[in-house]
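Worksheet: one structure, shown below.
Chains as they are written, first to last, in this note's numbering: chain A, 12 to 156; chain B, 12 to 156.
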């Protein structure tokens, strides 16, 4: 059991990290020609596999309208495609194309190389604890009063 | 030493949490009449004490122009004020007014009450590790390649 103050401290760390990482990602856009929003969709599909558009929106914590626009952009660039959904004929699945998979892998590899310094000081236990805290906070934000 | 993939996992958790928390904060705006941006400035001044406008921008990971607008909005509402800076006469310090301090405390109390469920499952060690990871990642983003 931790104090509410400590949980606020986590949010206070999340905000600046998110904003600075987003600026960083935006600066790197020209390298791969992939916008920040498309990058997020590609990363989600790589990490969690093919899924419906509403599932992508829910997982990214954003709106279906936004994801729809990003998917159109990504499809036009040949990075994602729709595939039939065996479970729901009316709700196709989004999947990476081979080019999409290659692009997001290159992007992540570059980002991860830039984070190598941070990796040196951290342990897997630290990261496990961090992910546990972030996931519980997200649940709390979703359910919370 | 952790893998770059694991650090990407942390960013992948930070993004949705940030976006959902921001939506939540935006929904709560009407309660206190304080916008999301003003709320961030008030919280920063409460946590870290009086400081210059450039310092607030740097700490929040945002631009001076944005902080300037938020400070004008907050000053107009009587929530922050400028005080002389003993170290630099040309760069005044921003400080909370008593009304600003009371407002941000009410906001944080309400948010923390909504997070009580998350607090129950987490330990101080988890939160310490989480903050360590987030701070190292922010340093890495700032320095990184």
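Think of the CB as a built atom: it goes at the ideal place given N, C-alpha and C, for glycine as much as any other residue.
Query	Result
Residue 84(A) versus residue 47(B) - alpha carbon distance	30 angstroms
Alpha-carbon to alpha-carbon, residue 133(B) and residue 139(A)	12 angstroms
Spatial distance of residue 137(B) from residue 146(A) (CA atoms)	12 angstroms
Distance, residue 97(B) Cα to residue 131(B) Cα	44 angstroms
Rounded separation between residue 105(A) and residue 114(B) - CA only	45 angstroms
Pairwise C-alpha distance: residue 34(B) and residue 87(B)	24 angstroms
9 angstroms Cβ cut-off: residues of chain B touching residue 119(A)	15, 16 and 19
Whole-angstrom distance between residue 111(B) and residue 121(A), CA atom to CA atom	43 angstroms
Residue 107(A) - partner residues in DSSP beta bridges	91(A)
Residues that residue 61(B) contacts on chain A, provided the C-beta gap is smaller than 8 angstroms	Residues of chain A passing the Cβ test: none, with the nearest at roughly 17 angstroms.
Span separating the alpha-carbon of residue 20(B) from that of residue 12(B)	15 angstroms
Closest residue to residue 53(A) among 38(A), 78(A), 14(A) and 29(A) (Cα-Cα distance)	78(A)
Opposing strand residues paired with residue 62(A) [DSSP bridges]	105(A)
7 angstroms Cβ cut-off: residues of chain B touching residue 155(A)	125 and 126
Distance, residue 44(B) Cα to residue 129(A) Cα	39 angstroms
Closer than 9 angstroms at the beta carbon, the chain A residues around residue 12(B)	130, 131, 132, 133, 134 and 135
Minimum Cβ-Cβ distance from residue 99(A) to chain E less than 8 angstroms	The structure shown contains no chain E; its protein chains are A and B.
Range covered by the alpha helix (DSSP H) that runs through residue 146(A)	135-154
Per-residue DSSP class, three states only, for residue 13(A)	coil
Closest by C-alpha distance to residue 118(A), when choosing among 57(A), 80(A) and 89(A)	57(A)
8 angstroms contact criterion, which residue 31(B) and residue 60(A) should meet: CB distance rounded	The pair is not a contact, with the Cβ atoms about 22 angstroms apart (cut-off 8 angstroms).
CB contact flag (residue 102(B), residue 63(B), <8 angstroms)	yes
Collapsed DSSP secondary structure at residue 100(B) in the structure displayed	coil
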